[in-house]
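Contents: one structure, followed by commentary.
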Amino acid sequence: MIEVEVVGVRIELPSNQPLVLLKEAHGERHLPIWIGTAEASAIALAQQHVVPPRPLTHDLLVNVVHGLGRQVVSATIVAVEDSVFYAQLGFDDGTTIESRASDALAVALRVNCRIWCADAVLEEAGVQLAEGSEEGTEDAAPTVEEESELRRFREFLADVEPEDFDE
Numbered sequence: 002m003i004e005v006e007v008v009g010v011r012i013e014l015p016s017n018q019p020l021v022l023l024k025e026a027h028g029e030r031h032l033p034i035w036i037g038t039a040e041a042s043a044i045a046l047a048q049q050h051v052v053p054p055r056p057l058t059h060d061l062l063v064n065v066v067h068g069l070g071r072q073v074v075s076a077t078i079v080a081v082e083d084s085v086f087y088a089q090l091g092f093d094d095g096t097t098i099e100s101r102a103s104d105a106l107a108v109a110l111r112v113n114c115r116i117w118c119a120d121a122v123l124e125e126a127g128v129q130l131a132e133g134s135e136e137g138t139e140d141a142a143p144t145v146e147e148e149s150e151l152r153r154f155r156e157f158l159a160d161v162e163p164e165d166f167d168e
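Numbering follows the numbering used here, with no gaps: position 19 of the sequence shown is 20.
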């Protein structure tokens with residue numbers, strides 16, 4: 002098992018598909034995992050230490066686990082099959098529960114536990130980012146202004162006619 006860290010949540014353009022980017026804690030490989038919008042929000046909120054006024058689903062799960070006297074001690078990405086990532090949550094009594102990778106990461110960030118990845122998963126799906134590109138990953142997701150400008154440009158392209166360019 003290789004320890005990994007959550008770099009952040011990004012939006013892949015042009016598909017607007019969210020992904021979470023993991024990085025080896027003591028290495029150079031990255032692991033991009035495409036996830037759903039709700040899970041992307043849950044991971045981003047936890048990474049930014051935002052506490053919602055009412056518990057979201059992952060907060061509820063953490064509260065239930067704590068209410069039952071248990072602790073989540075690890076999240077592990079255990080397999081990837083056909084670009085689908087499988088994970089497990091590990092508990093302080095040795096119990097493991099199967100999970101979607103995105104849910105395991107959202108919980109792990111809330112309880113501040115270690116995140117692991119099976120060697121075979123990193124071998125199959127891990128990537129080396131180009132030199133210097135990791136430092137730019139924090140800015141890889143478009144800002145609200147950039148997204149707004151992109152949306153306006155797409156609307157313009159949808160409505161533009163060749164005659165609009167005649168003088």
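All C-beta atoms in this analysis are idealised placements derived from N, C-alpha and C, irrespective of residue type, glycine included.
Each of D104, I12, Q129 was checked against the Cα of T77, and the nearest Cα belongs to D104. As summarised for the segment 92-126, the continuous alpha helix (DSSP H) elements at least 4 residues long and confined to that stretch are 102-112, 120-126, given in chain order. Residues V5, A76, A109 of the same chain have their beta carbon placed closer than 6 Å to that of I116, with the five preceding and five following residues left out of the count. In this structure, the straight-line span from the alpha carbon of A121 to that of P53 is close to 36 Å. Assigned with DSSP and collapsed to three states, V52 falls in coil, not helix or strand. Counting along the chain, the unbroken alpha helix (DSSP H) around H67 starts and ends at 58-68.
Per DSSP, the unbroken beta strand (DSSP E) holding I12 starts and ends at 3-13.
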